[in-house]
Each structure stands twice: as C-alpha cells, then as structure tokens.
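Residue numbers (my numbering), protein chains in the order written: chain A, 360 to 621; chain B, 363 to 663; chain C, 3 to 314.
We treat Cβ as the ideally placed atom computed from N, Cα and C, and that holds for glycine.
Below is one structure; the comments refer to it alone.
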Amino acid sequence: MTDHLLEITGMHKSFGGLKVIDDVSFNVRRSSRTALIGPNGAGKTTIFNLLTGVYPIDAGTVIVGGQDITDVPAQDRVTVGMSRSFQNIRLMPHLSTVENVMLGQHARARNLGSLLFPLGMLPRNDWRTAAEEALERAGVGTYPGEVVANLPYGVQKRIEVVRALVSDPKLLLLDEPAAGLNKTETLELQALLEKVSDQGVTILVVEHDMQFVRDLCDHIVVLNFGRKIFEGTPEEVHQDPAVLEAYLGTDDDSAEEAANAS
Amino acid sequence: MSGYMEAQLIILCLSIIYAYGIFLPAASGQLNLGAAGFITLGAYASAWFNASAGAALPMWLSIPIAMIFTGVIAIAISFPILRTRGVYMVLATFAFAEVVSGIVINLEFVGGASGFPVDDHADVTVIVPVTIAVILFSFYFMSTRLGLALRSIHDDESVATLFGVNVRTAKVVAFTVGAMLMSLGGSLYGHHYNYIEAQTFNVLLSIYILLYVLMGGTQTAWGPLIGAAFFAIVPETLREIAESAGLKWLAEGRFILFGVFIVLLMVFRPEGVMTRTLQNRLGGGLFRRKKVLTDDTGGGS
Amino acid sequence: MLVIQQLVNGLMLGGVYVMVAVAFTLIIGMLNFLNFTIPALFMFAAVLMHATMMGQLPFGNDFILSIFGMEYRWVAGIIVSLVVIALVSLVIERFTYRYMKAKYGDATEHALPLVSSLGFLIIFEHFVVSTWGSDPLTAVSPFGQGTFSIDTIIFSVPQIVSLLLSLIVVIMLSVMLKATKLGRALRAIAERPDTATLMGVEVGRIVPVVYVITGLLCAVSGILFTINYATVDAYVGDTVATVAIAGMVLGGLGNVWGAIIGGLFIGMLEVMSIYIVGAEFAKVPIWGLLLLLLAFKPTGLFGHTLIGKGKF
Chain A
360 MTDHLLEITG
370 MHKSFGGLKV
380 IDDVSFNVRR
390 SSRTALIGPN
400 GAGKTTIFNL
410 LTGVYPIDAG
420 TVIVGGQDIT
430 DVPAQDRVTV
440 GMSRSFQNIR
450 LMPHLSTVEN
460 VMLGQHARAR
470 NLGSLLFPLG
480 MLPRNDWRTA
490 AEEALERAGV
500 GTYPGEVVAN
510 LPYGVQKRIE
520 VVRALVSDPK
530 LLLLDEPAAG
540 LNKTETLELQ
550 ALLEKVSDQG
560 VTILVVEHDM
570 QFVRDLCDHI
580 VVLNFGRKIF
590 EGTPEEVHQD
600 PAVLEAYLGT
610 DDDSAEEAAN
620 AS
Chain B
363 MSGYMEAQLI
373 ILCLSIIYAY
383 GIFLPAASGQ
393 LNLGAAGFIT
403 LGAYASAWFN
413 ASAGAALPMW
423 LSIPIAMIFT
433 GVIAIAISFP
443 ILRTRGVYMV
453 LATFAFAEVV
463 SGIVINLEFV
473 GGASGFPVDD
483 HADVTVIVPV
493 TIAVILFSFY
503 FMSTRLGLAL
513 RSIHDDESVA
523 TLFGVNVRTA
533 KVVAFTVGAM
543 LMSLGGSLYG
553 HHYNYIEAQT
563 FNVLLSIYIL
573 LYVLMGGTQT
583 AWGPLIGAAF
593 FAIVPETLRE
603 IAESAGLKWL
613 AEGRFILFGV
623 FIVLLMVFRP
633 EGVMTRTLQN
643 RLGGGLFRRK
653 KVLTDDTGGG
663 S
Chain C
3 MLVIQQLVNG
13 LMLGGVYVMV
23 AVAFTLIIGM
33 LNFLNFTIPA
43 LFMFAAVLMH
53 ATMMGQLPFG
63 NDFILSIFGM
73 EYRWVAGIIV
83 SLVVIALVSL
93 VIERFTYRYM
103 KAKYGDATEH
113 ALPLVSSLGF
123 LIIFEHFVVS
133 TWGSDPLTAV
143 SPFGQGTFSI
153 DTIIFSVPQI
163 VSLLLSLIVV
173 IMLSVMLKAT
183 KLGRALRAIA
193 ERPDTATLMG
203 VEVGRIVPVV
213 YVITGLLCAV
223 SGILFTINYA
233 TVDAYVGDTV
243 ATVAIAGMVL
253 GGLGNVWGAI
263 IGGLFIGMLE
273 VMSIYIVGAE
283 FAKVPIWGLL
293 LLLLAFKPTG
303 LFGHTLIGKG
313 KF
C-alpha cells in the first residue's frame, strides 16, 4: 500500500474539441493538505467534477485508497470515501440546515432500515444528533431548523463543508471554501479544516486566496490551461518561473487564444 | 351526520387520497398528469376481484390486490416514463391515462362503455379511517431518509447523486407508491358508489388532482392535505352561500371563481399555500425542537 | 375505395389538428411550457362561432342581426371569435408568462405557467357551461352540405376549403418566421432568451405577439371545427384539441413543419383507428403511439434537440 490516497494518472478531458484537461497526473499523500491552484479557466473545478464522476473522463485512471474508481458511477463514489463542496453554494434551498447535513449522511445509510427510519418525526435520534453535533463543532449549531435559503452566505458556505464531512470521507474536496468569506470567517474555516485534518482526513482544496493556501496547505499543484505546470511546497511555488508567468505574464485575451490554439 | 355532510366528507377523503398519490412523485419534482389512469386501474381491478363474476373475493382482499396490481403496472411503466423529464413527463403520464381509459372502455368483462357495478359497499366508517391512515403514512414516508432524498432530488438532482442518493430508484419508489395510493382511492370510490364508469375518470380529474397538490404546495406533507381540503370544500361552500343568498349565477359559475383563484394564487404564492418556510413560522414543525435564533456569527458578503 | 375515403376524411380532420399542434409547438418552442389554455381557446372560439351564428350570445344578438342579417351571421361569428380570442390571449399572457417572468426571472422554473394555464382552462370551460349549458350545441353549417366526388370518393367542399385554409395559414406563418424581422426576433427568443434581450430584442413586447398568434391559430381552428362538424360543447377542447399534442410530439417539439405533418398524420391515424378498431378504442393507438414516442424518441420525427428538458 502506497502512502498516496489519491492517484491521478494521465487524465484527459475534452468538451467539444477543446482540451480542458490535458494529460494531468498527480498524487495526494494520505493525511496531507494539498491545494490545487491556477488562473481562471485552468480546469480546477473540472478536475473535481471528473473525480466525483459528474462527467466521465476521456482517458486516464483515478485511484482512491488503492481502488480504481475510473468507471464507478457518481452515486457510488461517495462510498469510496470522497465527498466535496461546491464553488457556488449548492445546498438544498428548501431543506433546513440539519436536513442538508443529514443528506450528507446518505452514503452511510443506504440499507433499507436506515432509508425507512423516520428521521423527521423523532426529535432525538442518532442521525439527527450526529448532524447537530457536526454543525456545533463547525460553529454553526445555532440554526438547525432554519431553511438554508434564509441564512447568511458565510454560514451557508460552512454548512456545505459540514455536509461533506458527515459522509465520513477519507478525501475531502473543497472548491473555493474561503471565497466570499471575511477575515474572521476565513480564520474560523482554517481552524476547522486543521482540526479535520488532524483527525486524518486528507484535504484537496481549490482556492484563490493565496494567504489561506499558504497557511493551510503543505503541498501545491498548479494548473494552467488544463496542464500541470508545477508541483511542490508552498515555499517553492513562488520561485517557479512557469507559475509566475501563468499568473503574471499573460492576460485573459492571450490566454483564450492559447487555449484555442492548443 | 346528515347525508349531505357525509357525501361531502367522502368526496373530501377521496380527494385527499388521490392528492397524496400525486404528491409523492411531485415532492421529487416529477409532475404526474396521469392520476385518472391509476384511479381507473384501482377501481376496475378491485371491482373485478370483488365481483361474483370475477374472483369473488371480499373487499378487504380485493382492494390490496388491486393496489399490488396497479403497483406492478406502475413499476413497469415507470422505467420509460421516468426517463422523460419536465414537459415530456407531463405528456407521457397524460398519454398513459388516455391509453388506460381507452383500453378499459373496451373490456367487455368489466362492462365496457356502459360501466361496471361494484358489489361490496364501503361506507364512511371504512373510508375515513383509511384516509387518516394514508395521511399518517404520507407524513411518515416524507419524514424518512427516503423522503429527505426525494426532497433533495427536487432541489438539486446532481448534488443528491454525488451524496450517494440513487436518484432513479428513489423516483421509481415515489412514483409506484403514489400510484398505489391512487389505486386505493379509486377502489374506495368504486366500493362507495357501487358503480364505476371509465368516463368519470377523465382528463379533468387528473388536472384537478395535480392542481390540488401544486396549490397546496409540494414542499411539505401538509400541502396535499391543505390543497385537497381547501379545493374540495370551497366550491361546495360557495354553492351553499350562493344558493341561500339567491345568487343563481354564482352557484352556476363558482368554478369560474375557482379558476380565477388558481391564477391569483400562482401570482401571490407560486410555491403553493404551504411552504417549508411557512411551516417553520407556524411553529417549527410537528415535533421539532425550538431553538432560539441568534445571529451571532455575523453576515459575510 | 372505402380505405381511401377514410384517408381523405382523416386528412380533413388532420386539418383541424394542424393549427392547434402548431400553436402548442410555438409556445413550447419559444416559452418552454405546455400551454393548456390552447385547448380552452380552441373550444371558446368554436362555441363563440356557434353562439353568434345561432343568435345565442349573452348580449348583442340583435345588433349583429341588424348589421349582418340572418344570412351573413357566420361572418359576424368569425369576427367575434377572432377579436375576443385575441383580447383574451393578452390577458392570459399577463398571468401565465409576463408576471412570472418579471417576478421570478425564469418563468418556467416552478411549473407556474402550466398551473396558471390549467386555471384558465377551468375558467373557460365553466364560463361556457354556465352560459350555454353542458349539453352539445348543434349548429347548421352556413355552407350547406356541398360535396363533389371523384370516382366513388366523396369530398366535402367546406372541409377541403378548411384544410387548404389551415395549411395556407400555417405555411404563411412558417414563412413569416423565416423571413421577417418579427420572425427572427421570435426565433432568437426561442434559442436564447437572455442573449436575445442583450441583442436588443424586446422580449416583453414580443411575447404578447406570440400569444396572440397562437390564440388566433386556435380561433381559426375552432371556427372551422364548428362549420365542419356542427356540434360543439364545453369539453371539445379536452377531447379534440389535446389530440393535437400527440401530433406536436410526433413532429418534434418546437418544430412548425413537424407539427403540420404530425397533425395531419394524427388525423388520419384517428380516422383509420375508428374505421378499423371502432370509435371507443381509437384513443389507444393515438396515445399509445405518443407514449412510445416519448419513451424511445422524444425528439419526434423532426425535432433536433430536446426542448424544455427538465422544465414544465
């Protein structure tokens, strides 16, 4: 058994002739906190969508915890030990906070008895208690019964993380968890993720806030135009000429041209 | 109870049972405009299993058998029908009901176009308890993890999939259980009036039942109860008032007002009378613990 | 020969369905919802035509008689039906589309227009029932029973005129969609409503036009139905106009030419089914075909993409 929880080898994906992911390979060490960064349109969210099975990949393999999940359907990937949050909040607007979190438990409750257990009728049951405690730990325990559509943005953002956590993932994929949060909220989020990481959960995070990435992560993968251009530690990333050029050397227009040319 | 009140109560009960049958798939976002088809199947199947010319079983056996019969047909058709979405599903269920009605009207062993007499009688002492059981069952069903999954599918199908919800199976279960409830309602209709005609279960019936559900709201199990209760009672009450006040035009045209009311309700409460938010405001749900809401974590952008 | 006679009759019936199918397909193609006011408008136009011809309007009968005389009341019937349906279409547009669009952005998100249109269906049916009763209304065709025959096949003159008229109307509409500025705006809305707005198409002004056009299609179809089949009632929309839905799906949602061919085909299928398996059973082939189509080829014969996927 390797010490790699996630192994991506030779991943390719095209949409209508445009190569969005072009031969990307990288590994994520068990219990590490890895960041996936790159300019807009580099393919970061696409990689998350490919990992979770939203789209099939054109070529390559994805291995999680030693198991090849390349052909596993989306609904079963969460049982492999992988769950995610979304760039744009995708909580269920008509469900309450605690119900959203209980949806995150679904993968652990797929037998008939759990499916037919009346969660909503009994004020105290194991599932509900677990969900409320998870919310409490994340500092958003004050809103269990509230419909999420009415909650502030920062709170919704954190509920998404909690929902992903309660599925008991080995690998937590977070898509811009700090976007739109203020300084205090970002620090609270960071503390929460450090706590999660200390319990052995591996974190792969897409984020634009470099301060947050430097403070949280121990390993960085940089993408540009669907290709991996760098992999290393947060200290090394600033000295890499390719990374500097990706961020500073090109503007959006020439970036588009380059994408079309490739 | 007067005969008139009893007749109204029966209509109310049947409407509620039908409405829950449409509600279960609607809670996951599937609009079913084929209520009449499942009601026809239930009414005729139970009548035939009960008839001395048929299987001659007692009512308490023929009704469950009719439910199973309808359930099997529902599962069989759910695979092609649930492949369709949105307007295509509305059309497919609508077409299904028309096919059922076209077939039943030509089956001579259940009377064909001239209707079919039903032997056993179900009076109010049967129908009311069954209706209460259906309501309790529906509340239970929606409170389970399966109900939670259905509501999640309504909001965001692809996210539900990513959290491990088997969307296809959940939809088939909701569709089939709903069809069985409508079958139950149809059998009770037959056993109460002791006579059924396929022409009674027409497009308008399907439309009205779908409207009860969408008017009541698909977010909580209260929706169909409120929708059916309100819309089965209001037109009758209007007729009572109009007749006692001598307003003949109102008594005859009360359904015009009903239609106007539907259009206006869509303007003012597009998600139905009973929404999840309103349920919270009315007391935080049936058994939900109340917690003081304090906005101490601050806003964010 | 009898089979050919049935095919001819089917083609004539198909002429009624064509315009209704085109009305359904225009609304679905452009505004993305199944508009149940279409059967209602078809029925209402047919009943108004009947009532004007027979002097049974709630008011104004003497006035119409004094202007048109007994003989030409059918002209008044056409005018009354068209004007009333056009006005009513504008009211319906307000409540099924414009309001929802203004308030919720995407009007088709919540099945709202579908529900409102069902509300209007109920309003019209019960208005007709409470004004004219629920029994079938029988009128005498102003054009008599003119027929001619080729070999042994009998053609009814009014029916042939109706079929030609409905094809001409629909083909003119189709040309209009291709060639005129209005047509381009309509197709732009059908493709991408948001982009159309950005490109300067005034969606708020165009959508009422779509409603009036579809309303008038239903009205012409309803008028021709009254003239040809002489018997109408409040539920003729449910029983006749909904069959056109099958024609629309057959042709492919949103496709005008598909709706024409689909409508004609469904008319022939219906008449042939009645001829072969009997009137009571005729529903089964039509709706069975629709069910199979939706399950296995929802794009129909000519539709290229799924329209309204995931919407109502």
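Counting only beta-carbon atoms, is residue i nearer than 8 Å to chain B?
i: I30(C); result: yes
i: H465(A); result: yes
i: V209(C); result: no
i: V437(A); result: yes
i: F97(C); result: yes
i: L478(A); result: yes
i: S132(C); result: yes
i: T456(A); result: no
i: V12(C); result: Looking at the sequence provided, one finds Gly at residue 12(C) rather than Val. Chain B contact via Cβ: absent.
i: A236(C); result: no
i: V117(C); result: yes
Quick one: list the residues of chain B neighbouring residue i, beta-carbon separation under 8 Å, in chain order.
i: G469(A); result: The sequence given here places Arg at residue 469(A); Gly does not occur at that position. Here the neighbours are G526, N528.
For residue i, decide whether its Cβ has a neighbour in chain A, counting only Cβ atoms nearer than 8 Å.
i: S390(B); result: no
i: D518(B); result: yes
i: T538(B); result: no
i: R638(B); result: yes
i: R507(B); result: yes
i: Q664(B); result: As displayed, chain B neither begins before 363 nor continues past 663, which places residue 664(B) out of reach and without an answer.
Run down chain C in chain order and give the residues with a C-beta less than 8 Å from the C-beta of residue i.
i: L453(B); result: L36, I247, V251, L292, L296
i: V461(B); result: K285, V286, W289, G290, L293
Measuring only the C-alpha atoms, how far is residue i from residue j?
i: A1(C); j: V449(B); result: An answer regarding residue 1(C) cannot be provided, because it is not within the stretch 3 to 314 covered by chain C.
i: I497(B); j: A428(B); result: 20 Å
i: T456(A); j: V521(B); result: 16 Å
i: T561(A); j: D534(A); result: 14 Å
i: G254(C); j: M270(C); result: 18 Å
i: D485(A); j: P477(A); result: 11 Å
i: S390(A); j: S556(A); result: 7 Å
i: P420(B); j: F593(B); result: 33 Å
i: S158(C); j: Y99(C); result: 40 Å
i: L266(C); j: G634(B); result: 39 Å
i: K554(A); j: D568(A); result: 20 Å
i: I443(B); j: V534(B); result: 10 Å
i: I66(C); j: M51(C); result: 13 Å
i: N642(B); j: T582(B); result: 11 Å
i: G474(B); j: P528(A); result: 59 Å
Nearest chain C C-beta to residue i closer than 8 Å, yes or no?
i: V387(B); result: The sequence as given places Pro at residue 387(B); Val does not occur at that position. So no, P387(B) is outside the interface.
i: R628(B); result: One detail in the question is off: residue 628(B) reads as Met in this sequence, not Arg. Output row for M628(B): interface = yes.
i: R445(B); result: yes
i: F597(B); result: A small correction: the amino acid at residue 597(B) is Pro; Phe does not occupy that position in the sequence shown. Chain C contact via Cβ: absent.
i: L576(B); result: yes
i: V622(B); result: yes
I believe residue i touches residue j by the beta-carbon criterion, under 8 Å. Please report the beta-carbon distance rounded to the nearest angstrom.
i: Q434(A); j: T523(B); result: 5 Å
i: I229(C); j: F145(C); result: 7 Å
i: Y574(B); j: A405(B); result: Rounded, the Cβ-Cβ distance is 19 Å, inconsistent with contact.
i: G239(C); j: F61(C); result: Actually they are not in contact, since the Cβ atoms of G239(C) and F61(C) sit about 24 Å apart, beyond 8 Å.
i: G280(C); j: G621(B); result: Incorrect: roughly 35 Å between the Cβ atoms, too far for contact.
Anything in chain C within Cβ reach of residue i, meaning under 7 Å, just list it in chain order.
i: F617(B); result: I124, H128
i: P442(B); result: A297
Which residues in chain E have a C-beta closer than 9 Å to the C-beta of residue i? List them in chain order.
i: G464(B); result: The chain labelled as chain E is not found among the protein chains of the depicted structure, namely A, B and C.
Closer than 9 Å by beta-carbon distance: list the chain B residues that pair up with residue i, in chain order.
i: T149(C); result: Correct list: empty, because the minimum Cβ distance to chain B is about 31 Å.
Checklist entry - Between the stretch 231 to 245 of chain C and the stretch 130 to 140 of chain C, are three or more C-beta pairs nearer than 8 Å? => result Contact holds: three or more Cβ-Cβ distances are below 8 Å.
Item to check | Stretch-stretch touch, CB-based, cutoff 8 Å, three pairs: the stretch 548 to 559 of chain B with the stretch 403 to 410 of chain B | outcome: Verdict: yes, contact present.
Checklist entry - For the 8 Å Cβ check, are there 3 or more pairs between the stretch 87 to 103 of chain C and the stretch 534 to 543 of chain B? => result Between the stretch 87 to 103 of chain C and the stretch 534 to 543 of chain B there are fewer than three C-beta pairs closer than 8 Å, too few to call the two in contact.
Item to check | the stretch 402 to 419 of chain A contacting the stretch 596 to 606 of chain A, beta-carbon criterion three pairs below 8 Å | outcome: Segments in contact, no.
Checklist entry - How about the stretch 366 to 384 of chain B and the stretch 523 to 535 of chain B: do they share at least three Cβ pairs that are nearer than 8 Å? => result No: fewer than three Cβ pairs fall under 8 Å.
Checklist entry - Between the stretch 626 to 643 of chain B and the stretch 505 to 520 of chain A, are three or more C-beta pairs nearer than 8 Å? => result Touching, yes.
Checklist entry - Between the stretch 489 to 507 of chain B and the stretch 555 to 570 of chain B, do at least 3 Cβ pairs fall closer than 8 Å? => result Taking a contact to require three or more Cβ pairs closer than 8 Å, the stretch 489 to 507 of chain B and the stretch 555 to 570 of chain B do not qualify as touching.
Checklist entry - Is there contact here, the stretch 293 to 300 of chain C with the stretch 25 to 42 of chain C, by at least three beta-carbon pairs under 8 Å? => result At 8 Å Cβ cutoff, the stretches do not touch.
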